[in-house]
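Chemist: Numbering of the sequence shown is given in the numbering used here, commencing with residue 79 and proceeding in unit increments.
For every residue, glycine included, the Cβ atom is placed at its ideal position computed from N, Cα and C.
Got a structure for you, questions after.
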Amino acid sequence: MTNADDTVTFRVENRIAWVKFNRPDKRNCMSPTLNRRMMEVLDELEFRDDVGVLVLTGEGSAWSAGMDLKEYFRETEAKGLGATRQAQRESYGWWRRLRWYQKPTIAMVNGWCFGGGYGPLYSCDLAIAADEAQFALSEINWGILPGGGATKVVVDLMPLRDAMYHAMTGELIDGKKAAEWRLVNESVPLDKLEARVRELAEVLLKKNPVALKATKDAIRRVKEMTYDNAEDYLVRAQEAANSFDNEGRKEGIKQFIDDKTYKPGLGAYNLAK
Ligand code: ACO
């Protein structure tokens, strides 16, 4: 029998937390057990000093084959509306948690990514896929609309025509097409995927962590604001960030203006000083 704790694994190495969906025999589809465990893992990692970036990936041939049609849908629905709502809270809950996570997050999409998988995909700040990965909103293939946020995800990320085509046909697209349609930032050959994600994580690890959190939140928030509201939000967000990290920004100015040891247009200031 599977230990519930095994549904998600993680390891922390050089300030990168590598978190894995770990039901490879079920193509990492998301059961209520997995959803509960993922929330515990996110809780455990979020404020650890030895974690600077979180990478979400999958064991085996899948990133995630979406919701578990048996355990998440059929068995939960058989228990009634209360159980259905609870299962929704548990899955949407960890995706929301991830959307506003304290640390920067990268989806490393190693294989199959379907339906409900678009929730955590969107929650990650950045996404790099293998060229070989396969994506689909397969809901239409089994007779439902892309719920659980999936429709919103494609409308937010993709051009409207592509979102409509993707949702109405349920056709697979590979990592290259997913990058072209902006579901992910880029795709690389599978054998280069981990190295590329590590390289990106290392870029983030060199940035001021308070500024990174303020920036990622600002990007998501201002997307839905008018220009004037965004301008106001950003003034306040910057002032709030300053109160968490007064020294970092001053050090950044000093290393540029006084020490002349770096140029902000070309890279990050030295965090170690
Ligand atoms: N829910 C429940 N079980 C699943 C799911 C899923 N989403 N995906 C895979 N599995 C199970 C299979 O039933 C099978 O179980 P078994 O070994 O007990 O028979 C096992 O995982 C392996 O799956 P296969 O189909 O044998 O694996 P294969 O590599 O041939 O195919 C693929 C992989 C294409 C991902 C296929 O499993 C599939 O189509 N899965 C469903 C994808 C999907 O449409 N997900 C729902 C999206 S909609 C939503 O999330 C709301």
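Can you give the Cα-Cα distance for I335 and F322, rounded to whole angstroms?
Modeler: 23 Å
Chemist: Mark K104 as exposed unless 16 or more other C-beta atoms lie within 10 angstroms of its C-beta, in which case mark it buried.
Modeler: By the neighbour-count criterion, in which 16 or more other beta carbons inside 10 Å mark a residue as buried, K104 falls on the buried side.
Chemist: Expressed to the nearest angstrom, what Euclidean distance is found between the alpha-carbon atoms of L283 and E249?
Modeler: Across the structure, L283 and E249 are spaced so that their CA atoms are roughly 37 Å apart.
Chemist: Let me know the secondary structure DSSP gives M79 once reduced to three states.
Modeler: Only weak support exists for where M79 lies, its pLDDT of 42 falling under 50; the coordinates are left without a value.
Chemist: Just to confirm the assignment, what range does the beta strand (DSSP E) spanning S201 have?
Modeler: Where S201 is concerned, there is no enclosing beta strand (DSSP E), although the alpha helix (DSSP H) it sits in stretches over Y196 to S201.
Chemist: Taking all protein chains shown into account, decide if N188 is buried (16 or more other Cβ within 10 angstroms of its Cβ) or exposed.
Modeler: buried
Chemist: Here's a check: name, in chain order, each residue in its chain whose Cβ is nearer than 8 Å to the Cβ of L312, leaving out the five neighbours to either side.
Modeler: A296 and V300
Chemist: Where are the alpha helix (DSSP H) runs, 4 residues long or more, that stay fully inside the stretch 211-241, in chain order?
Modeler: 217-220 and 228-235
Chemist: Can you give me the C-alpha to C-alpha distance between F192 and G343, rounded to a whole angstrom?
Modeler: Whole-angstrom Cα-Cα distance: 38 Å.
Chemist: Distance check for K270 and G221, CA to CA, integer angstroms please.
Modeler: Rounded to whole angstroms, G221 to K270 spans 36 Å at the Cα level.
Chemist: Give the DSSP-derived three-state secondary structure of F322 in the structure shown.
Modeler: helix
Chemist: Whole angstroms is fine: what's the gap from D347's alpha carbon to M186's?
Modeler: According to the sequence shown, residue 347 is Tyr rather than Asp. Near 27 Å, if we compare the C-alpha coordinates of M186 and Y347.
Chemist: Can you give the Cα-Cα distance for R126 and M108, rounded to whole angstroms?
Modeler: 25 Å
Chemist: Exposed or buried, which one is M79 when buried takes at least 16 other CB atoms within 10 Å?
Modeler: For M79, the predicted model reports a pLDDT of 42, less than 50, meaning its position is unreliable and no value from the coordinates is stated.
Chemist: When we look at the beta-carbon of V69 and count the other beta-carbons within 10 Å, is it buried (16 or more) or exposed?
Modeler: This structure cannot settle anything about residue 69, because the visible part of the chain is limited to 79 through 351.
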